[in-house]
Amino acid sequence: MGSDGDKKPKRVGLMTRLRNYFFTGLVITGPVGITLYLSWSLIHLIDAWVKPFLPALYNPDNYLSVEVPGFGLFAALVAITVIGFLAANIAGRSFISVGESILGRMPLVRNLYSALKQIFETVLNEKGGNFTKAGLIEYPRKGLWAIVFLATDTKGEVAACLKDDADTISVFLPTTPNPTSGFLLFVPREDIIELSMSVEDAAKLVISAGLVSPEYPKLLEGNDKRAVEKHQRKKANKDSRGEKDVVAQ
Numbered sequence: 001m002g003s004d005g006d007k008k009p010k011r012v013g014l015m016t017r018l019r020n021y022f023f024t025g026l027v028i029t030g031p032v033g034i035t036l037y038l039s040w041s042l043i044h045l046i047d048a049w050v051k052p053f054l055p056a057l058y059n060p061d062n063y064l065s066v067e068v069p070g071f072g073l074f075a076a077l078v079a080i081t082v083i084g085f086l087a088a089n090i091a092g093r094s095f096i097s098v099g100e101s102i103l104g105r106m107p108l109v110r111n112l113y114s115a116l117k118q119i120f121e122t123v124l125n126e127k128g129g130n131f132t133k134a135g136l137i138e139y140p141r142k143g144l145w146a147i148v149f150l151a152t153d154t155k156g157e158v159a160a161c162l163k164d165d166a167d168t169i170s171v172f173l174p175t176t177p178n179p180t181s182g183f184l185l186f187v188p189r190e191d192i193i194e195l196s197m198s199v200e201d202a203a204k205l206v207i208s209a210g211l212v213s214p215e216y217p218k219l220l221e222g223n224d225k226r227a228v229e230k231h232q233r234k235k236a237n238k239d240s241r242g243e244k245d246v247v248a249q
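Position 134 of the sequence shown, counted from 1, bears residue number 134 in UniProt numbering, the numbering being contiguous throughout.
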């Protein structure tokens, strides 16, 4: 009888190899195909919205034998840019103020407009307001950790109502696999472990439910370990102070 080392590796059947080739090709072509399909569909959708509002002279469908895809998208980009240019001067701002005052008198429309305006200003604000870092907090209980996106220091009435003197920060706790929904939490800064990964990598980790993990350079391993140890020491000191206060009472 031969030893285990003499055993020949099991040959993979033809159908198994073909199946592996198929799934490998699907992994490569799937994202590309879906991206192209969604992009093409979005272009046609915008064209269908914009082209009916174009003057007949500027609509290429009226004098060309073939349809020009993307012309409606181009016209929309030009129109949005022109509106932004006009809104940058005094006359444009006055016109916008009049329009907003009219919308403000409509009970249902004003709430929808105000919410959408705040969302767009927050997302598209180039001077700040976007998430800049990702972190970890113990949630929903001690010993379980969740990824959060760090927003800003707690301000306004919320900061005034917090009786604890600890420095708190507002964070967004995303849900999986849809990171656009989640929870707004106000957490003491000392309870947050800041991660070295970017916000984009953290979002990929959330969307993939942990299946897609960003590369982790060895150079950062020591820094993150020290951050965890520092957090643990702070928690231990905080717990010991709480126990002393209870005993003193």
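For every residue, glycine included, the Cβ atom is placed at its ideal position computed from N, Cα and C.
Original post:
Are the beta-carbon atoms belonging to phenylalanine 172 and alanine 202 less than 8 angstroms from one another?
Top reply: No; because the gap between Cβ atoms is not below 8 angstroms, this pair is not in contact.
Original post:
Ordered along the chain, which non-local residues of its own chain (more than five positions away) have a Cβ less than 8 angstroms from that of leucine 64?
Top reply: none
Original post:
Does the segment 18–28 come close enough to the segment 45–57 that 3 or more CB-CB pairs lie under 8 angstroms?
Top reply: Contact fails: fewer than three Cβ-Cβ distances are below 8 angstroms.
Original post:
Does the beta-carbon of valine 98 have 16 or more other beta-carbons within 10 angstroms, so that it is buried, or is it exposed?
Top reply: Flag for valine 98 reads exposed.
**OP:** Kindly indicate the opening and closing residues of the beta strand (DSSP E) around glycine 135.
**Re:** 133–138
**OP:** May I ask you to verify whether the segment 151–161 touches the segment 92–111, counting CB pairs closer than 8 angstroms and requiring at least 3?
**Re:** no
**OP:** Would you kindly work out how many angstroms separate the C-alpha atoms of serine 94 and leucine 86, rounded to a whole number?
**Re:** 10 angstroms
Original post:
If you draw a straight line from the C-alpha of leucine 124 to the C-alpha of serine 114, how long is it?
Top reply: C-alpha separation (whole angstroms): 15 angstroms.
Subject >> Supposed close pair phenylalanine 120, alanine 134 - CB separation, criterion 8 angstroms >> reply: Going by Cβ atoms, the distance from phenylalanine 120 to alanine 134 rounds to 23 angstroms, so no, they are not a contact pair.
Subject >> Start-to-end residues for the alpha helix (DSSP H) that takes in aspartate 47 >> reply: 14–50
Subject >> For valine 158, the first and last residue of its enclosing beta strand (DSSP E) >> reply: No beta strand (DSSP E) holds valine 158; the alpha helix (DSSP H) holding it covers 156–161.
Subject >> Alpha-carbon spacing of alanine 76 relative to aspartate 61, whole angstroms >> reply: 16 angstroms
Original post:
Would you call methionine 15 buried or exposed, if buried means 16 or more other Cβ atoms sit within 10 Å of its Cβ?
Top reply: Using a 10 angstroms sphere on the CB of methionine 15, the tally of other CB atoms stays under 16, which defines it as exposed.
Original post:
What first and last residue would you give for the beta strand (DSSP E) that runs through valine 187?
Top reply: 182–188
**OP:** Return yes when the Cβ of threonine 132 is within less than 8 angstroms of the Cβ of valine 199, no when it is not.
**Re:** yes
Subject >> Candidates Pro107, Ser170, Thr35: closest to leucine 184 by CA position >> reply: Ser170
Original post:
If we ignore side chains and look at the alpha-carbon of each, how far apart do leucine 219 and serine 196 end up?
Top reply: Any answer about leucine 219 is weak, because its pLDDT of 49 lies below 50 and its placement is not dependable; what the coordinates show is given next. Straight-line Cα distance between these residues: approximately 11 angstroms.
Original post:
Under a three-way DSSP split, which group does alanine 202 fall into?
Top reply: helix
Original post:
Taking the alpha-carbon positions, what's the glutamate 194 to isoleucine 147 distance?
Top reply: 10 angstroms
**OP:** Take the Cβ of threonine 168 as the centre, count every other Cβ of all protein chains shown within 10 Å, and call the residue buried at 16 or more, exposed below.
**Re:** By the 10 Å Cβ count, threonine 168 comes out buried.
Original post:
Quick one, which of Thr176, Leu103, Asp191 has its alpha-carbon nearest arginine 141's?
Top reply: Asp191
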